[in-house]
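Peer 1: The structure is given below, and queries will be raised subsequently.
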Ligand SMILES: Cc1cc2nc3c(=O)[nH]c(=O)nc-3n(C[C@H](O)[C@H](O)[C@H](O)COP(=O)(O)OP(=O)(O)OC[C@H]3O[C@@H](n4cnc5c(N)ncnc54)[C@H](O)[C@@H]3O)c2cc1C
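Structure, rendered in structure tokens:
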């Protein structure tokens with residue numbers, strides 16, 4: 295029976311162990327931690343958003359880096375295959391808003407247990423507390439030769455406490471593969487202005503965040519964001535980080551929030567006129583409570599340059615119009631990505647041009663396969679990153695099986 299060695303007992307490594315053992319291969323899975331799936335356990339705030347039940351095309355639209363490279367893998371093992379896979383492992387699953395899939399129980403531990411149960415049933419040999427740090431150590435401890443298929447599934451650099459220490463990159467380099475620059479992604483962003491920390495805790499539900507570099511728009515999207523003591527977080531900030539990270543590493547970037555994206559400039563001006571009429575005897579600073587959350591009022595009043603003590607009926611048309619412009623483009627400067635300890639994912643990794651996109655085998659190194667987050671691929675939040683783990687694991691195992699068939703002279707029609 296062909297033996298497969300898998301390094302890394304995270305999402306991709308465990309899935310590969312299940313796929314390979316289901317196909318009748320003998321599997322040894324090595325994991326440095328005392329248990330499997332430490333990162334999987336904290337995914338989706340402990341609920342594990344394990345895929346997004348979208349089409350492969352939609353999946354690729356939500357992939358940020360090297361989407362073409364994932365074309366074959368996502369079509370070979372689609373999000374609906376993932377749903378069936380987990381159902382087949384006895385996991386009750388459900389779909390929520392935005393087609394995000396979770397275990398019915400809302401416990402990520404049930405996803406891990408389902409994978410572990412099947413590994414046990416199939417006789418996968420799991421070696422915990424076993425960190426293998428280099429090719430020679432792997433060869434001797436796992437007792438392999440150049441013909442043994444090895445799947446490296448060591449993850450990235452985000453949340454290092456889960457075991458993400460970058461071993462996969464070291465293995466790749468040792469074997470002569472290239473590794474790109476890397477940075478935290480799906481990560482909060484730091485800002486320069488002193489008024490941003492004053493907004494700490496303020497969550498904006500319907501706003502548009504835009505980040506520019508010169509005249510070029512690097513990112514613009516509608517959604518939710520949160521102000522923090524260091525800058526901004528929440529879905530919009532996290533997504534923005536994936537698109538602007540590379541540029542932000544070079545220089546600070548101007549950003550703005552449209553606080554009233556549903557209103558055109560004219561509609562907003564009419565709304566301000568109405569609001570000022572309703573507050574005719576009030577001071578400017580006391581006239582805005584219907585327009586903004588309380589925390590935002592003093593900050594936006596300060597930025598407007600309008601005397602806060604001024605009566606609203608004394609606010610000039612010019613002042614009102616420039617206040618409208620401020621509401622449509624509330625400005626601040628992004629200065630840095632937060633560190634890996636706060637990042638959902640690593641952007642960058644093992645260069646994909648050196649990996650066969652159908653089988654995930656290293657082009658220069660037969661029988662060595664790289665899967666999951668250690669590759670230079672990343673996607674937005676919503677279950678897409680775990681789908682990368684499942685699809686690449688499946689493709690690698692299929693690659694091994696195909697090779698086996700060829701070696702034994704078996705054709706599909708046999
Ligand atoms: C807080 C958080 C929430 C997330 N939520 C979601 C979500 O809801 N949905 C989603 O799609 N994605 C989510 N992600 C991303 C998702 O967790 C990753 O995409 C996924 O875990 C990557 O799987 P992987 O198997 O490649 O790496 P990992 O899951 O990190 O597994 C790698 C494993 O390899 C082991 N290892 C590394 N080096 C060695 C070595 N030398 N020897 C032995 N073992 C080694 C590690 O200990 C680790 O267990 C989240 C990430 C974080 C940090």
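In my numbering, the protein residues as written are 295 to 708. Every residue gets a Cβ at the ideal spot worked out from N, C-alpha and C, and that includes glycine.
1. Is it buried or exposed for residue 482, if we count other Cβ within 10 angstroms and need 16 for buried?
2. Kindly identify the DSSP beta-bridge partner or partners of residue 421.
3. Give me, in chain order, the residues of the same chain whose beta-carbon lies closer than 8 Å to that of residue 477; leave out the 5 immediate sequence neighbours on both sides.
4. With a threshold of 6 Å, establish whether the CB of residue 425 neighbours any heavy atom of ligand 1.
5. Below 8 Å, how does it come out for the stretch 317-334 and the stretch 411-421: are there three or more Cβ pairs, yes or no?
6. Does at least one heavy atom of ligand 1 sit under 6 Å from the Cβ of residue 638?
7. Buried or exposed: residue 422, going by 16 or more other Cβ atoms within 10 Å of its Cβ?
8. Apart from the five residues on each side of it in sequence, which residues of its chain come closer than 7 Å, Cβ to Cβ, to residue 394?
9. Please say whether residue 472 and residue 304 have beta carbons closer to each other than 7 Å?
10. Grouping DSSP H, G and I as helix and E and B as strand, with all else coil, what is residue 493?
11. Please check the pair residue 664 and residue 682, which I expect to be a contact at CB under 8 Å, by giving their CB distance rounded to whole angstroms.
12. Using the rule of at least 16 other Cβ atoms within 10 Å of the residue's Cβ for burial, across every protein chain shown, is residue 308 buried or exposed?
13. Determine whether the beta carbon atoms of residue 562 and residue 618 lie at a separation below 7 Å.
14. Per DSSP, residue 641 forms a beta bridge with which residues?
15. Excluding the five sequence neighbours on either side, which residues of its own chain have a C-beta within less than 7 Å of the C-beta of residue 329, listed in chain order?
16. For residue 554, count neighbouring Cβ atoms within 10 angstroms of its own Cβ and tell me buried if that reaches 16, exposed if not.
17. What does the alpha-carbon distance come out to for the pair residue 374 and residue 354?
18. Quick check: is any heavy atom of ligand 2 less than 6 Å from the C-beta of residue 381?
19. May I have the straight-line CA-CA distance separating residue 378 from residue 545, to the nearest angstrom?
20. I need the DSSP call for residue 500, collapsed to helix, strand or coil.
21. Runs of 4 residues minimum, wholly inside the stretch 528-552: which ones carry the alpha helix (DSSP H) assignment?
22. Hey, out of 615, 577, 548, 388, whose CA is closest to residue 605's CA?
23. Could you spell out the range, first to last residue, of the beta strand (DSSP E) harbouring residue 411?
24. If you drop the 5 nearest sequence neighbours on each side, which residues of the same chain put their C-beta closer than 7 Å to that of residue 623?
25. Count the other C-beta atoms from every protein chain shown that fall within 10 angstroms of the C-beta of residue 572, then say buried if there are 16 or more, exposed otherwise.
26. Give a yes or no on whether the C-beta atoms belonging to residue 370 and residue 690 are separated by under 7 Å.
27. Quick check: does the Cβ of residue 326 come within less than 6 Å of any heavy atom belonging to ligand 1?
Peer 2: Looking at the atomic coordinates:
1. buried
2. 324
3. 539, 540, 543, 631, 640, 641, 642
4. yes
5. yes
6. yes
7. exposed
8. 343, 346, 676, 677
9. no
10. helix
11. Rounded, the Cβ-Cβ distance is 12 Å, inconsistent with contact.
12. buried
13. yes
14. 477
15. 422
16. buried
17. 15 Å
18. Ligand 2 is not part of the structure shown, which contains ligand 1 as its ligands.
19. 45 Å
20. strand
21. 528-542
22. 577
23. Note, residue 411: premise wrong, no beta strand (DSSP E); alpha helix (DSSP H) at 402-415.
24. 550, 552
25. exposed
26. no
27. yes
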